[in-house]
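In the numbering used here, the protein residues as written are 11 to 150. Quick notes on the structure that follows.
Dropping the structure here:
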């Protein structure tokens, strides 16, 4: 959920209502299936997640790109609050056939299984967020 305890009660209620109308219960059931059956297999876990929610990723040009350098890559999911784009970028990264990390919004780490693949960015405007983001930058 995008609702958090520090938000006013009316805001939390509104967020939960929109999430409910948007099919949260269905996605929760699919997430539970994915977590129990797909993640343990270790095979194309993010591509399989997109298949479960019936999302297809189309790319322009060749994917994976030819002649990628052997140097580390940092891939950025550029929509800061998008869960879908974060998962889509993770699904593309897993097709590279090499270790990867993707810079994504820290809220995606509510899905614990994403942590090993993530460089989480905190968009809150606090000193702790800045400190954490600088640590992620150094790690990248």
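Glycine included, C-beta positions come from ideal geometry on N, C-alpha and C.
Run through DSSP, which three-state label would residue 130 get?
strand
With DSSP collapsed to three states, give me the class of residue 152.
Lying before the first or after the last residue shown, residue 152 is absent from the chain, which here runs from 11 to 150.
Less than 7 Å between the beta carbons of residue 101 and residue 60, yes or no?
Going by C-beta atoms, residue 101 is nearer than 7 Å to residue 60.
Helix, strand or coil, according to DSSP, for residue 112 in the structure here?
Under the three-state reduction of DSSP output, residue 112 falls in the strand class.
First and last residue of the uninterrupted alpha helix (DSSP H) at residue 64
Counting along the chain, residue 64 falls outside any alpha helix (DSSP H), and DSSP gives it neither H nor E.
Applying the 10 Å Cβ sphere with the 16-neighbour rule, what's the burial state of residue 96?
buried
Straight-line gap, residue 137 to residue 129 (C-alpha atoms, nearest Å):
18 Å
Alpha carbon to alpha carbon, how far is residue 139 from residue 133? Give it in angstroms, no decimals.
A straight line joining the alpha-carbon of residue 133 with that of residue 139 spans about 7 Å.
In this structure, does DSSP put residue 86 in helix, strand or coil?
strand
Counted within 10 angstroms of its Cβ, other Cβ atoms place residue 44 as buried (16 or more) or exposed
Classification for residue 44: buried.
Since I believe residue 112 is in contact with residue 99 (beta carbons under 8 Å), could you give me their beta-carbon distance rounded to a whole number of angstroms?
5 Å
For the alpha helix (DSSP H) containing residue 54, name the first residue and the last one.
Per DSSP, residue 54 belongs to no alpha helix (DSSP H) and is neither H nor E.
Tell whether a beta-carbon distance below 7 Å holds between residue 49 and residue 104.
For residue 49 and residue 104, no; Cβs fall outside 7 Å.
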